[in-house]
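Data block below; observations after.
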Amino acid sequence: MDDIILQTLNGLDKGSAYALIALGLTLIFGTLGVVNFAHGALFMIGAFCSVTLQRIFSTSFEMVDETQTDFLGNPLKVETPYVEAWFGPEIGAAMIDWSVPLAIFLAIPVMIIVGFAMERGLIKHFYKRPHADQILVTFGLAIVIGEIIKANFGANPIPTPAPSAFAGAMDFGVMLGFEPNAIIYPIWRFVYFLFSLAIIAAVFAFLQFTTFGMVVRAGMADRETVGLLGIDIDKRFTFMFGLAAAVAGLAGVMYTPILSPNYNIGMDFLVLSFVVVVVGGMGSLPGAVLAGFVLGILQSFASMNEVKSLLPGIDQIIIYLVAIIILLTRPRGLMGRKGVMEE
Amino acid sequence: MLGMNAKDTMLFVVVTLMVLLAPILLNPFPTDSAFSQFNAGYPALMQRFVIFGILVIGFNILFGLTGYLSFGHAAFLGVGSFAAVWMFKLLSYNIVPAIALSIIVAGLFSVVIGYVALRRSGIYFSILTLAFAQMMYAIAYSDLVGKMFNTIVTNGETGLQVYLDDPQILYSEGDPKLPHLFGWEMNDSFTWDVGGWSFVFQNGYYLAGICMLIAFYISIRIFRSPFGLMLRSIKSNQQRLNYVGVSTRPYMLTAFVISGMYAGLAGGLMSAMDPLTGAERMFWTASGEIVIMAILGGVGTLVGPILGAGAIKYMENIVSTINDNVVRGWFEFMPDGLADFMVTIIHPFIGKGWHLTLGLVFMGVVIFLPGGLVELGQRIGGLFRRKKSSDTPSGATKPAE
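Note that the protein sequences, when read in sequence, are chains A and B. Residue numbers for the first sequence, in this note's numbering: 201 to 543. Residue numbers for the second sequence, in this note's numbering: 13 to 413.
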């Protein structure tokens, strides 16, 4: 029993990332009808927002500290981050410590700008072209973004720790009445799960309860009619692209303590997220979220030692296997709508 | 000639001449000149040109004619190379059984995958092929089949190669210890020194080149056949075909299997050139590279795949070896500051950054030149023709599509 809970928990954080990326992909597909292969790159840009912020905060200068002396009696020179000098040592240190969550505030504007630029500059010209062309041009863009990141940040993964308050692990089992040490779960992963739930809830609430969201949903259902009613649906869809980019970016920002980002992280997640979208059903938002969590948890169960000894390496292929089975038995995916992407 | 019309015969003859004379044509700069690093006429690179040419010609039969974008084509390449290396291990270094088996095995795999993946179209087809390829990559990379039966099948991360204690039951005394065609070693080459030039003619390259010519010939015949016409009509309107009572699935499957067998042939040849193979060949970025080559050359055209494969492999080998000093050499005539500035600008695009160049070129082609290099050639040709006689409409040759 505790094993099952542990594996479910382990699957949740990966599942959250899949769900968030797949949600953004589905939003873009549902509104603009574009298959965005560069969505993983947006996730990566988000992840590198937190790397950048951490670097900015840690930028330091040499300061002569009068209170300390080295062994010769000279005043000691210490490396002091600018933020500590400006805001005082406590606040400065806390800012460096909390740079990953703080990067959210950097990532939101950055991602929205990147999203707008992408949509207006590139994707706009591809609405009328076949899906294959959209896949190809965004695939090219993903390569370019990945390479730009590589040129600036190097090819190695960059460790980006979580705030020390969330650094350790918690004994989850005790809370549920199990033996101590039965279910040890890193706190940050739990934070990530809650965070992603909040984002998903916010996106759904935005679409469900605001006028803007209502118009967008109407546009997803019948773009032409909404346009005929005198609503500039294109502008709103552009905004939705920015929103989807921000969702992917936020997923990336908070994921950095779990997996140190490098220039490949986007592509790694993208391939899986596409499988998630297709399993969930192209164009279905709840389907994308559901499939994200289901596949994340399935993957986690498949990587249990008991399962692995039965079927070695099943953890590597489980997602693809499930995708193939689902596509063949339920061609529209788990919750796919009729008439989406069907020639 | 050979069942081709005059224009195709001309094209085929030109390509044949280029393949046969490539060691000379691709070596325009003398060995000790400053530009010798732009020479592409060395065997290792020319082999890549023709082998990837075969691969992309096959991919083009599927994607170019039917419009089905397979994102997992590298899987067949990998399967083919594994099959060939196994033949080397079990029988002998003779490449005939190796290549035969690699084509057959890749064909079988493509029958199974095609049968399943072709039940869906559009993006679903792309994702399904991608999923299959990634699955096969994962299986090969951790050698799952081998682990299940407690033996070695793909040898995981290490990669599969031939060891001294392998059975090689057909090996007889005096046979070469490297891939050969009835004693004709793949690595043997003949160097012809003329003036400052040195041209290398290698057996392996010519074998692969002849395979590519055969593959090219078959692809011309497919393009011009009723079967090819049927594939094109699938691309333009599959629904209408279904309405008039044509079942498109068998045609699609045939095209898929043919292109899978082409990939198998390419994989087998790759192993024949270098009897060592690993799972990386099946990774999805490799499949992406095939797509890029096809697009860059010109989808749905006859020579496009060869041009695309050549252009990408040339860029990969040449751009990635250019370094800052070479660039500085180009701008020597400029004042120092300006030269430094140019070097700084060009720096991210060369050497290790060649993927950036690749991505940008690829995006540029998709955006501005959907017909790839072939379309570029036609446009330029059209410009010249218009200058000669303004009354004839431009582009007497229409795109093959």
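By construction, the Cβ of each residue, glycine as well, lies at the ideal position given by its N, Cα and C atoms.
Run of the alpha helix (DSSP H) containing residue i, from where it starts to where it stops
{"i": "Q499 (chain A)", "result": "485-502"}
{"i": "Y255 (chain B)", "result": "250-255"}
{"i": "L341 (chain A)", "result": "331-353"}
{"i": "V68 (chain B)", "result": "55-78"}
{"i": "P301 (chain A)", "result": "299-321"}
{"i": "I384 (chain A)", "result": "No alpha helix (DSSP H) contains I384 (chain A), which is instead part of the beta strand (DSSP E) from 384-386."}
{"i": "L470 (chain A)", "result": "465-480"}
{"i": "P35 (chain B)", "result": "18-37"}
{"i": "V315 (chain B)", "result": "Counting along the chain, V315 (chain B) falls outside any alpha helix (DSSP H), and DSSP gives it neither H nor E."}
{"i": "F243 (chain A)", "result": "239-258"}
{"i": "L120 (chain B)", "result": "107-129"}
{"i": "F326 (chain A)", "result": "Premise fails: F326 (chain A) is in no alpha helix (DSSP H) and is neither H nor E."}
Nearest neighbour of residue i, chosen from the options [CA to CA]
{"i": "N356 (chain A)", "options": "A:V374, A:F441, A:F248", "result": "A:F248"}
{"i": "M305 (chain B)", "options": "B:L32, B:T333, B:G65", "result": "B:G65"}
{"i": "F261 (chain A)", "options": "A:I433, A:D203, A:Y282, A:F243", "result": "A:Y282"}
{"i": "N72 (chain B)", "options": "B:V311, B:L288, B:N335, B:R131", "result": "B:V311"}
{"i": "N199 (chain B)", "options": "B:W209, B:G208, B:N215", "result": "B:N215"}
{"i": "F305 (chain A)", "options": "A:V478, A:T231, A:Q254", "result": "A:Q254"}
{"i": "T28 (chain B)", "options": "B:P191, B:M160, B:Y218, B:S138", "result": "B:Y218"}
{"i": "I63 (chain B)", "options": "B:Y105, B:N249, B:I226", "result": "B:I226"}
{"i": "L190 (chain B)", "options": "B:D286, B:S299, B:H367, B:M30", "result": "B:D286"}
{"i": "G376 (chain B)", "options": "A:H331, A:E290, A:G340", "result": "A:G340"}
{"i": "E279 (chain A)", "options": "A:L521, A:T259, A:F229", "result": "A:T259"}
{"i": "L182 (chain B)", "options": "B:R340, B:I107, B:T163", "result": "B:I107"}
Cβ-based neighbour list, residue i, same chain, cut-off 7 Å, excluding 5 preceding and 5 following
{"i": "M242 (chain B)", "result": "Y263"}
{"i": "F326 (chain A)", "result": "V234, D333, Q334, V337"}
{"i": "A275 (chain B)", "result": "L67, G70, H85, F88, L89, G92, A118"}
{"i": "F469 (chain A)", "result": "A217, I221, G240, F243"}
{"i": "I349 (chain A)", "result": "M244, F248, Y463"}
{"i": "T409 (chain B)", "result": "In this prediction, T409 (chain B) scores a pLDDT of 49, lower than 50, which makes its location untrustworthy; no coordinate-derived value is stated."}
{"i": "N39 (chain B)", "result": "N51, G53, W209, F211"}
{"i": "G363 (chain B)", "result": "S332, I334, N335"}
Span of the beta strand (DSSP E) around residue i
{"i": "S201 (chain B)", "result": "201-206"}
{"i": "F209 (chain B)", "result": "What sits at residue 209 (chain B) in the sequence shown is Trp, not Phe. From DSSP, the beta strand (DSSP E) with W209 (chain B) extends over 209-214."}
{"i": "M370 (chain A)", "result": "369-371"}
{"i": "K277 (chain A)", "result": "275-281"}
Residues near residue i in its chain [Cβ-Cβ closer than 6 Å; skip 5 each side]
{"i": "E319 (chain A)", "result": "T438, F441"}
{"i": "V123 (chain B)", "result": "V269"}
{"i": "I318 (chain B)", "result": "G65"}
{"i": "L498 (chain A)", "result": "I518"}
{"i": "F343 (chain B)", "result": "A351, M354"}
{"i": "G492 (chain A)", "result": "G215, Y218, A219, A222, V476"}
{"i": "G76 (chain B)", "result": "V311, G312"}
{"i": "S402 (chain B)", "result": "Summary for S402 (chain B): the model assigns pLDDT 48, below 50, so the residue's position carries little reliability; its value from the coordinates is reported in the next sentence. Counting only Cβ-Cβ distances below 6 Å, and skipping sequence neighbours, we find nothing."}
8 Å Cβ shell around residue i - same chain, five flanking residues per side excluded
{"i": "I357 (chain B)", "result": "none"}
{"i": "V295 (chain A)", "result": "Correcting the residue type first, residue 295 (chain A) is Met in the shown sequence and not Val. The answer, listed in chain order, is F257, V283, F287, L302."}
{"i": "Y326 (chain B)", "result": "A52, L57, F61"}
{"i": "P188 (chain B)", "result": "Y105, G195, E197"}
{"i": "L276 (chain A)", "result": "V264, D265, Q268, T269, D270"}
{"i": "E328 (chain B)", "result": "W366, L370"}
Segment contact flag, the region 445-452 of chain A with the region 395-411 of chain A, C-beta cutoff 8 Å, min 3 pairs: Verdict: yes, contact present.
Cβ contact check for the region 475-488 of chain A and the region 381-390 of chain A: 3 or more pairs under 8 Å: The region 475-488 of chain A makes no contact with the region 381-390 of chain A: fewer than 3 CB pairs, one atom from each, lie closer than 8 Å.
Cβ pair count under 8 Å reaching 3, the region 144-160 of chain B against the region 280-295 of chain B: Segment contact: the region 144-160 of chain B against the region 280-295 of chain B, three or more CB-CB distances shorter than 8 Å; contact assigned.
Selection of the region 124-142 of chain B by Cβ proximity to chain A, strictly under 9 Å: Sequence-ordered contacts of the region 124-142 of chain B with chain A read V128, A129, R131, R132, S133, G134, I135, Y136, S138, I139, L140, L142 [C-beta pairs closer than 9 Å].
The region 151-174 of chain B: positions lying closer than 9 Å to chain A by Cβ: Of all residues in the region 151-174 of chain B, I151, Y153, S154, D155, L156, K159, M160 have a Cβ within less than 9 Å of some Cβ in chain A.
Interface residues of the region 366-391 of chain B facing chain A [CB-CB below 8 Å]: Cβ contacts with chain A: H367, L368, L370, G371, L372, F374, M375, V378, I379, P382.
Under 7 Å (Cβ pairs) to chain B, residues found in the region 505-530 of chain A: Within the region 505-530 of chain A, the qualifying residues are P512, G513, Q516, I517, Y520, L521, A523, I524, L527, L528.
Contacting positions in the region 336-366 of chain B - beta carbon closer than 7 Å to chain A: When C-beta distances to chain A are compared with 7 Å, the residues of the region 336-366 of chain B below that value are P360, G365, in chain order.
Three or more C-beta pairs below 8 Å linking the region 203-214 of chain B and the region 124-138 of chain B: Not touching, per the Cβ criterion.
Chain B contacts made by the region 455-478 of chain A, where a contact means CB separation under 8 Å: Those would be M467, V471, F474, V475, V478, in chain order.
Residues, ordered as in the chain, of the region 293-308 of chain B that lie near chain A by beta-carbon distance below 9 Å: Correct list: W296, T297, G300, V303, I304, I307.
Touch test, the region 173-180 of chain B against the region 13-22 of chain B, Cβ-Cβ under 8 Å, three pairs minimum: Because the criterion of three Cβ pairs below 8 Å is not met, the region 173-180 of chain B and the region 13-22 of chain B do not touch.
Positions along the region 399-416 of chain A whose CB lies within less than 8 Å of some CB in chain B: For the region 399-416 of chain A, the set of residues with a beta-carbon nearer than 8 Å to any beta-carbon of chain B is empty.
Any 3 or more C-beta pairs closer than 8 Å across the region 46-55 of chain B and the region 309-323 of chain A: At 8 Å Cβ cutoff, the stretches do not touch.
Contact list for the region 67-79 of chain B against chain A, Cβ threshold 9 Å: Correct list: F75, G79.
Contact between the region 476-486 of chain A and the region 524-539 of chain A (3+ Cβ pairs under 8 Å): In this structure the region 476-486 of chain A lies against the region 524-539 of chain A, because at least three pairs of beta carbons, one per stretch, are closer than 8 Å.
The region 359-368 of chain B in contact with the region 339-354 of chain A per 3-pair CB rule at 8 Å: The count of Cβ pairs closer than 8 Å, one atom from the region 359-368 of chain B and one from the region 339-354 of chain A, reaches three, so the stretches are in contact.
Residues of the region 330-341 of chain A whose Cβ lies closer than 8 Å to any Cβ of chain B, in chain order: So the close ones are P330, H331, A332, D333, I335, L336, V337, F339, G340, L341.
Chain-ordered residues of the region 351-378 of chain A with a beta carbon less than 8 Å from chain B: Within the region 351-378 of chain A, the residues whose Cβ lies closer than 8 Å to some Cβ of chain B are A351, listed in chain order.
Proximal residues, the region 280-293 of chain A versus chain B, C-beta separation under 8 Å: So nothing in the stretch comes that close.
Residues from the region 80-95 of chain B in contact with chain A, defined by Cβ distance under 7 Å: Against chain A - using a Cβ distance shorter than 7 Å - the residues of the region 80-95 of chain B are L81.
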